Amino acid sequence: MESSLKPIHLPDSFDWRTKGVISPVKDQGEIEDAEAFAAVEVVESLHAIQTGQLIEGSIARVADCCPQPVDPFLCIMKLGGICSATDYPTPTGQCIPNQCTPFAHFDKIMRLKNRDENTMVTWIQNSTLFVGIDASRTSFQFYIGGIYKDNSCSQTVIDHTLQLVGYGKTSSGDLFWICKNSWGASWGEAGYIRVLRGQNTCGIASYVVQVA
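Following this line, the structure appears as structure tokens:
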């Protein structure tokens, strides 16, 4: 399959992890809501990019107040933003929105319309991305490293979400995305996965959101 990418005048590689705006890898544990993890991490990273302060956001509050299939970003916007993990550390099983005061918010939600990975490269220069992926294959679940691609996975059936923090190119010329998972630091490449870029691998460009 030919790559859908076209040459654009942007860096060959980019990684927000080198800029101190990405929080440590989490392990979902009993919170079976990957969207809450990825959404909160995108907002906390935006706040860190804007202010220079990296504060871990409360995933528990979003899990309590924005259960799937509620859109996490519309819900976070209605809640006034995200609170710190210190102020709302664990899920209560019920939504208590006023238990804490939000420290970070956003005014705009942008959704990728055309699965254009060139646009994703442009967007990532400003802040991180929330992306969906088909994580149903054992090749994903037991990924230990390298550039991930599985031709048997779906480009339209999305069952998991990640924080996309950067991109790059291998010495052999393979393009990839760098994504942060929420399955602990022992999974993948210290909790991260590099996904083949330019072919909508496992739906990586099918469900993309950025906030500003």
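Last residue of the sequence shown: 540 (the working numbering), numbering continuous.
Cβ atoms here follow ideal geometry from the backbone N, Cα and C, with glycine treated the same way.
As the structure is a computational prediction, the values presented were derived from the model and not from experiment.
- Short of 6 angstroms from the beta carbon of V353, and not among the five residues preceding or following it, lie these beta carbons of its own chain, in chain order: A513 and G519.
- If you keep only unbroken beta strand (DSSP E) runs of at least 3 residues inside the region 462-510, you get 488-497 and 503-508.
- Per DSSP, reduced to three states, the secondary structure at L407 is coil, with no helix or strand assignment.
- In terms of CA proximity to K441, V536 leads the group V536, S341 and V523.
- Shown here for T414: not one same chain residue has a beta carbon closer than 7 angstroms to its own, the five before and five after excluded.
- Contact annotation: G526 and I486 have beta-carbon atoms that are not nearer than 8 angstroms.
- With fewer than 16 other Cβ atoms from the protein chains shown falling within 10 Å of its own Cβ, P339 counts as exposed.
- Setting aside the 5 residues that flank it on each side, A540 is surrounded in the same chain by L374, F434, D435, K436, M438, N454 and S455, each with a C-beta closer than 8 angstroms to its C-beta; the list follows chain order.
- Boundaries of the beta strand (DSSP E) around Q538: V536 to V539.
- About 6 angstroms separates the Cβ atoms of T484 and G531, confirming a contact at the 8 angstroms cut-off.
- I387 has its alpha-carbon roughly 6 angstroms from the corresponding atom of F365.
- Where V523 is concerned, the enclosing beta strand (DSSP E) starts and stops at Y520 to L524.
- Contact between the region 502-513 and the region 417-434 is absent: fewer than 3 CB-CB pairs across the two stretches fall below 8 angstroms.
- If you look at I437, you'll find it in the beta strand (DSSP E) that goes I437 to R439.
- In the assembly as shown, I472 is an exposed residue. Its beta-carbon has fewer than 16 other beta-carbons within 10 Å.
- Out of A376, W451 and L457, the CA that lies nearest to the CA of K347 is found in A376.
- P400 places its beta carbon 8 angstroms or farther from that of A362.
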